[in-house]
Each structure stands twice: as structure tokens, then as C-alpha cells.
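Everything below concerns the one structure shown next.
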Amino acid sequence: MTSASPRPNLAIAAYRQLKRDIIRGVYAPGEKLRMSHLKERYALGVGPMREALSQLVGERLVTAVSQRGYRVAEMSIEELESLYDARAELEGLVLELAIARGGDDWEAGIVAKAHALAKVAEVHSADDMLDIWDARHQAFHGAIAAGCDSPHLLQTRAWLFDQAERYRHLWLCQTVFSAEALDAKRHEHAALTDAILARDAATACTMMREHLMTPVPIIKEVLREQGLV
Numbered sequence: 026m027t028s029a030s031p032r033p034n035l036a037i038a039a040y041r042q043l044k045r046d047i048i049r050g051v052y053a054p055g056e057k058l059r060m061s062h063l064k065e066r067y068a069l070g071v072g073p074m075r076e077a078l079s080q081l082v083g084e085r086l087v088t089a090v091s092q093r094g095y096r097v098a099e100m101s102i103e104e105l106e107s108l109y110d111a112r113a114e115l116e117g118l119v120l121e122l123a124i125a126r127g128g129d130d131w132e133a134g135i136v137a138k139a140h141a142l143a144k145v146a147e148v149h150s151a152d153d154m155l156d157i158w159d160a161r162h163q164a165f166h167g168a169i170a171a172g173c174d175s176p177h178l179l180q181t182r183a184w185l186f187d188q189a190e191r192y193r194h195l196w197l198c199q200t201v202f203s204a205e206a207l208d209a210k211r212h213e214h215a216a217l218t219d220a221i222l223a224r225d226a227a228t229a230c231t232m233m234r235e236h237l238m239t240p241v242p243i244i245k246e247v248l249r250e251q252g253l254v
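With positions in the sequence shown counted from 1, the corresponding number in this note's numbering is that position plus 25.
Okay, structure coming up:
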């Protein structure tokens, strides 16, 4: 007995691999995603690839062109500014609630993740640096946000993060491979942690919003330099 739909594990594999490649710039904004190429690159059939493409259309990383297949979604300065503004405002609100609601375990989680993030300086492999720093950076901010105790706000936060991920990757490459930029981020994170642990909501929320917006000028410059907008 056969099923008309692709096996879930194959569709998930196709989705994850293609999403990663789009975020990392393997495919340029506006580039046509040819099914013959996708099948060969990912060694998967048409069914899983179509399922993956449909999911990425829903995430606005891919656009469906009527009768003409699929293309990578375009990038723009306007989208960048809108996404980061929304993220900064929401992150400030989430942090304010977390400071009001979070307990000792929440504080301990932040301290642990901050320590792990600061230790990335000891990673010397360029191949590992990007993935390790980003994973620990997300874990640090996730530990802060978790204290808000609002599943709906956290869901919206995750959606905005996904929408901004292509832009974030451009910033990450500029930051993680620069000792100076990485050191500046280390100091920002330490200062933010101190303000949170002091339960200074006004200072911490202002710092968080500014922290979230600092990548925007860098990303704009990269977008223009690489001809992506």
C-alpha cells in the first residue's frame, strides 16, 4: 500500500536543508528554484521537495510563481527595518514581563547561558564558530524571554525570528569572524545580564531594544555591497 504524500521524514529533511541554504545565501534573492537542480542537490524526489517548497512559501522565504515554479523571496531594506523594529519592540515587552514574573530559576538559566556564550571565544575553528556562537546566542536570549510566561508572545517572537533569519545571517558573518565585533557583543551581553539580574526593567528594556537594533546598519551595508537589494 502506497501513500500519495511524501514520507514525513523525507519532506522534513528537504525542508531543513533547503531552508538552511536559503538563509546562508546559497540561493540569491529572486533566484529560480529549478526542481531538477533541487532533486540532484538534495538527492530527494519531487514529492518531498514540493512539500518543502510549500512550507517555505508559508514562511515567506520562497515565492510561488503561477505556472512557473518557485523563486527565493526577495530581500529589501524596508522589510529589514520593519522586521527588526517589530523584534526590538516585542523583545522589550517580553523582557519587561520576564523581569516581573521570572524567579530564581529564571535568573540561574540566564547566568548559565551567558557564561556559555562568553566562552565561545575559546572556539578556534572557523567552521564551528558560526554555528556554535549563534546557537549559544539564541539560547541566551531564549533564556531571558522564557521568563515572560506567555506562550503566545513566545510564539510570535519565534515567528519574527524566523522571518529575520536571512538578514541575521548577513550580520552574523560580519560579527562572528571579527574579534573586535565579537568582543563588543560580549560586553553588551554582560551589561544586559547585569541590568536584568538587578531587576532594573527600564534600563534592561532600553538596552535590549538598542541591542536588537544594532545589526540594522551593518546589514544594510552588506545588502548593498553584495547587490542583494
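Heads up, the beta-carbon is just placed ideally off N, CA and C, and yes, glycines get one too.
Subject >> Reduced DSSP secondary structure (H/G/I, E/B, other) of Leu86 >> reply: If you number the sequence shown from 1, residue 86 lands on position 61. Three-state result, Leu86: coil.
**OP:** Tell me whether the beta-carbon of Leu248 lies closer than 8 Å to the beta-carbon of Leu197.
**Re:** Numbered from 1 along the sequence shown, position 223 holds the residue referred to as residue 248. Numbered from 1 along the sequence shown, position 172 holds the residue referred to as residue 197. Cβ atoms of Leu248 and Leu197: not closer than 8 Å.
Subject >> DSSP bridge partner residues for Lys57 (one or two, in chain order) >> reply: Along the sequence shown, read from residue 1 onward, the residue named residue 57 stands at position 32. BP columns for Lys57 point to Arg96.
Original post:
Any idea if Tyr40 is buried or exposed, counting beta-carbon neighbours within 10 angstroms, 16 or more meaning buried?
Top reply: As a first step, residue 40 must be located in the sequence shown, where it is residue number 15. Buried: at least 16 other Cβ atoms inside 10 Å.
Original post:
With a Cβ-Cβ cutoff of 8 Å, do Leu122 and Ser175 count as a contact?
Top reply: As a first step, residue 122 must be located in the sequence shown, where it is residue number 97. As a first step, residue 175 must be located in the sequence shown, where it is residue number 150. In this structure, Ser175 lies closer than 8 Å to Leu122 by Cβ.
**OP:** Go ahead and pull the three-state DSSP assignment for Cys198.
**Re:** Residue numbering aside, residue 198 sits at position 173 when the sequence shown is read from its first letter. Three-state result, Cys198: helix.
Original post:
What are the complete alpha helix (DSSP H) segments, minimum 4 residues, inside the segment 133 to 215?
Top reply: 151 to 171, 176 to 201
Subject >> Proximity of Ala139 and Phe165 at Cβ, strictly below 8 Å >> reply: On the sequence shown, residue 139 is found 114 positions in, with the first residue counted as 1. On the sequence shown, residue 165 is found 140 positions in, with the first residue counted as 1. Yes. Within cutoff.
Original post:
Does the distance from the CB of Leu35 to the CB of Tyr95 come in under 8 Å?
Top reply: To locate residue 35, count along the sequence shown from 1; it is residue 10. To locate residue 95, count along the sequence shown from 1; it is residue 70. No, the Cβ-Cβ distance between Leu35 and Tyr95 is not below 8 Å.
Original post:
By DSSP, does Ala38 sit in helix, in strand, or in coil?
Top reply: Taking the sequence shown and counting its residues from 1, one reaches residue 38 at position 13. Collapsing the DSSP output to three states places Ala38 in a helix.
Subject >> Opening and closing residue of the alpha helix (DSSP H) in which Val241 lies >> reply: By 1-based counting over the sequence shown, the position of residue 241 is 216. That run of the alpha helix (DSSP H) goes 240 to 250.
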